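Here the structure comes first, spelled out in structure tokens, and everything after it is commentary.
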Amino acid sequence: MIKKVLKYFIIFCVIMTIAISGGVFGYIYKLSRELPSIKDLKDYEYKRPTIIYDRNGKTIAELGSERRYPLPIEDIPEMLQNAVVAVEDARFYEHGGVDLMGILRAFITNVKAGRVVEGGSTLTQQLVKIIYLTPEKKLKRKVKEAILAYRIDKALSKKKILEMYLNQVYFGRGAYGVEAAAVNYYGKHVGELTLAEEAMIAGVPKAPGIYAPHLNPDKAQKRRNHVLFRMYETGFITEDEYKTTSLEEDIIIDKIPPKNMAAGYFVDYVIRHLKEHEGVEDVDTAGLLVYTTLDLDMQKKAEDSIKANLIEMSEALGFRGEIATYNPEVDHLEEVLEMQKNYLKELNFERALVTKVEEDDVWLTTLNGEGRLYIKENRWARPYKSSYYRNTDFRRILNKNDIVYVTLLDEENKHYRLTQEPDLESALLSANPATGEIYAMVGGFDYRKSMFNRSFQAKRQVGSLFKPIVYAAALENGMNIMSQVLDAPVIKELDGEGEFWKPANYSGKFFGHTTLKEALTKSRNLVTIKVAEKVGIDKIIEQAHKFGIEEQINRDLSVSIGSGAVSLMEMVYAFSTFPNLGVRHDPFFITKIENARGEIIKEYKPSDPIPVLKEGTAHIMVDMMRNVVVNGTAKRAKVIPKLIAGKTGTTNDNKDTWFVGYMPDLVSGVWVGFDDFKPIGRWRTGSNTALPAWVKFTQSIQDNFGKMLFPVSRDVAYFRVDAETHEITNSFSGDYTFEPFEKPMTMTE
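Here the sequence shown stands for residues 1 to 749, numbered as in full-length UniProt numbering.
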């Protein structure tokens, strides 16, 4: 009976064992069918940041919030490899992806400790978690992890697995991979690390929130020494190296080195192109190397010029008042003074508390101690847009407990100057007229203040800046540089409204018979309107479209004096036609795109020339616009010792101010105005508001460009013209000038 029972029991156990084993293997087989393929791992593409370069190979921007610099295993120091293996998976080179002995050892250790103090996952299993799976602690996930680890170990070499781990694992402080960790903690490349630094980095992945040295220096130091001890135990370092290195003090850098991120507006412009025209979805981590036409040195000078000009223009309008009021019963002074914007810190702006105000003096408290303001350096600070010519009494503008911006003038005597953050905005664009290459792009005071790119996204009325397009159309349609038009009142009835349009010159005066050259030089509105009427508004609009102005243009004469809304980019590229003998190019800003391996994906070339004007017309327009600089509204540009031509622009009520100017090999434009379209201020024009920024920028980069002459057209001849009658003369008596005419010459009234 007992034998019979025993027999059935054995049979039962065998059946149960087979059933359980079958179930386990069936479950494993089912899970294995759900797992991703590992066939692509041999050619695994690491997530890399897209990097944008300027025309000289300088890094403009490294995209993405994560810092990753994947390296081949040969470029990762062997001692750092050993440190990671010693502390994370000492049997790495022995097991097959899953370490059963390690799991058993960890189980016993954890039971003895009464808590989890050691994990059983191998480096390969950790890699699986990083690449394929979530870190959740469920049996199903652990089984999948083990299967994948086994497969990876069979498919890849140990060195390849270690390389992938060292490039993928998170080391804290925003660093993914050992190279990024070396940069973020020590400000150096991984190959420059000391043994102590290598051990410190190797100890972080177990728990970055605990062992990252910038968070918990003491715990990180203990963890580092544990890594060194494991390296000694596993034979990677000697006892002497272990003891000596364990005593070293660890010194990490205070702040993460900032990733290169210059030219924010231009970078956004490039990203927009990659997404919309190249189909790149995740640009930040696409690992692209994008080479552009931007000149980083010119870009920096452009940004500096715009900032300096906006601060000056803001001060010219007067002091807008305090930025806050300090309440000593509620506010903590140090916190109030520390509330500073980074882009203003870079301009040396400081917050200050006004503690006492007298007519000629103000007492201040800053984070750096006490300070003073004196009236002589702060004459600019008259009440905002007031009738006062200058500040003569601090008591009109400041009160005790005001918080204001100041800049330091004299550190020894704590002597400060009042300043303010501009509320005006501006844009600048600079390009090569011969190719369309963008050299500099500024879309506002600072990208961190506003990401709206006013160089191409803003559509603003251009005012007198449109006039060269009108005069070019006139030359194209039979008029010439000495054609005369009567500068007299214009009154037009508005269709169906019973009202009248009565435009005027900026000066409010009339000047009688005026040549086209004089009218453009002095920016005469009434002559321009009459020229447009004579040429025909349809031809003016057609010509504007040829210049590249894409917006819908209203069919009325006000267009001739700039009532249409146009972008700065459109106007800059329109003006590039003149020094380029009548042809223009589309904006050209990317030269090539490579993948992370340096293989060219796409190359770009300048667009084919787009015909806009006859060569002779372009030549004559350059002459006319040179006169705007020499004798007209752009005289401020004469300080630049090069051939300069251009045109200012100011709209009704002084809401928008412009200047676009060019040399033979560079065209640049500046716009200044308020985002909300309010008037800038009385007497604010293109010549005194936008042109100064253009001059600052061009002066700063003029040495980059030679003393070239404007190209000439064989279709143009110069004739002697009587200065009084404006007619061609052979006489050498009296005043005369030499003026360009297209051949064959046509003189029209």
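Positions of the beta carbon are idealized from the N, C-alpha and C atoms, including for glycine. Note that the structure is a prediction, hence the values are computed from the model and not measured.
By Cβ distance below 6 Å, which residues in the same chain neighbour residue i in space, the five residues on each side in sequence not counted?
{"i": "F266", "result": "L294, M441"}
{"i": "V299", "result": "The question names Val, but residue 299 is Gln in the sequence shown. Within the same chain, Q299 has close Cβ partners A263, A440."}
{"i": "L428", "result": "A302, I306, V442, V670"}
{"i": "Y27", "result": "Note that Y27 has pLDDT 48, beneath the 50 cutoff, so the model's placement of it is unreliable and the number below is only indicative. Closer than 6 Å at the Cβ level, and outside the excluded window around Y27, lies no residue."}
{"i": "V85", "result": "F92"}
{"i": "I375", "result": "D360"}
{"i": "V280", "result": "L274, A286"}
{"i": "Y604", "result": "I590, T591"}
{"i": "F511", "result": "D487"}
As a quick exercise: from the options, pick the residue whose alpha carbon is nearest that of residue i.
{"i": "V670", "options": "D43, W694, F92, I237", "result": "W694"}
{"i": "R448", "options": "F171, T651, A263", "result": "A263"}
{"i": "N432", "options": "E88, L666, T521, Y211", "result": "L666"}
{"i": "I152", "options": "T577, G203, G96", "result": "G96"}
{"i": "H214", "options": "H226, I201, N225", "result": "I201"}
{"i": "M516", "options": "I601, M625, T244, K678", "result": "It is worth fixing the name first, because residue 516 is Leu in this sequence and not Met. Measuring from the Cα of L516, the nearest candidate turns out to be M625."}
{"i": "D284", "options": "M261, F547, D715", "result": "M261"}
{"i": "V336", "options": "N342, T651, N327", "result": "N327"}
{"i": "K144", "options": "T124, K159, A196", "result": "T124"}
{"i": "N525", "options": "I549, L347, V490", "result": "V490"}
{"i": "N82", "options": "T366, H226, R684, F236", "result": "F236"}
{"i": "I131", "options": "K158, L41, Y211, K206", "result": "L41"}
{"i": "D75", "options": "T122, E163, V183", "result": "E163"}
{"i": "T59", "options": "K259, P77, D99", "result": "K259"}
{"i": "V639", "options": "R682, V672, T698", "result": "T698"}
{"i": "I253", "options": "Y242, P205, H277, G187", "result": "G187"}
{"i": "V716", "options": "A207, I251, N480, I147", "result": "N480"}
In its own chain, which residues sit with a C-beta less than 8 Å from the C-beta of residue i, not counting the 5 before and 5 after it?
{"i": "K459", "result": "E551, A565, V566, S567"}
{"i": "V270", "result": "I52, V290, T292, F589, I590"}
{"i": "R33", "result": "Note that R33 has pLDDT 49, beneath the 50 cutoff, so the model's placement of it is unreliable and no number is given."}
{"i": "Y718", "result": "F738, E739, P740, F741"}
{"i": "M101", "result": "R91, H95"}
Within the same chain, show all residues whose beta-carbon is closer than 7 Å to that of residue i, passing over the 5 residues directly before and after it, in chain order.
{"i": "K30", "result": "Low local confidence applies: a pLDDT of 45 at K30 is under 50, so the model's placement there is unreliable, with the coordinate-based value given in what follows. Within the same chain, K30 has no close Cβ partners at all."}
{"i": "H513", "result": "Q484, L486"}
{"i": "G646", "result": "M625, V628, V629, A634, A637, F659, V660, G661, Y662"}
{"i": "D393", "result": "E359"}
Under a Cβ-count criterion, where at least 16 other Cβ atoms within 10 Å of its own Cβ denotes burial, should residue i be classed as buried or exposed?
{"i": "R555", "result": "exposed"}
{"i": "M571", "result": "buried"}
{"i": "K385", "result": "exposed"}
{"i": "G23", "result": "Since pLDDT at G23 reaches only 49, below the 50 mark, its modelled position is unreliable, and no value is offered."}
{"i": "M708", "result": "exposed"}
{"i": "Q340", "result": "exposed"}
{"i": "T419", "result": "buried"}
{"i": "H726", "result": "buried"}
{"i": "K743", "result": "exposed"}
{"i": "D282", "result": "exposed"}
{"i": "A504", "result": "exposed"}
Can you check DSSP and say which residues form a bridge with residue i?
{"i": "R67", "result": "A175"}
{"i": "V485", "result": "T514"}
{"i": "T366", "result": "G369"}
{"i": "G661", "result": "G646, S668"}
{"i": "I610", "result": "R584"}
{"i": "R48", "result": "A286"}
{"i": "E62", "result": "I51"}
{"i": "F741", "result": "A717"}
{"i": "E594", "result": "L289, I600"}
{"i": "M261", "result": "A61"}
Are residue i and residue j touching if we call contact CB-CB under 9 Å?
{"i": "L71", "j": "L166", "result": "yes"}
{"i": "R382", "j": "Y388", "result": "yes"}
{"i": "N580", "j": "P711", "result": "yes"}
{"i": "R372", "j": "V362", "result": "yes"}
{"i": "A180", "j": "Y69", "result": "yes"}
{"i": "I701", "j": "D54", "result": "no"}
{"i": "H226", "j": "V87", "result": "yes"}
{"i": "G209", "j": "A220", "result": "no"}
{"i": "S713", "j": "E615", "result": "yes"}
{"i": "N453", "j": "G444", "result": "yes"}
{"i": "L424", "j": "L520", "result": "no"}
{"i": "P679", "j": "N654", "result": "yes"}
{"i": "T234", "j": "A199", "result": "no"}
{"i": "V406", "j": "T366", "result": "yes"}
{"i": "T648", "j": "V672", "result": "no"}
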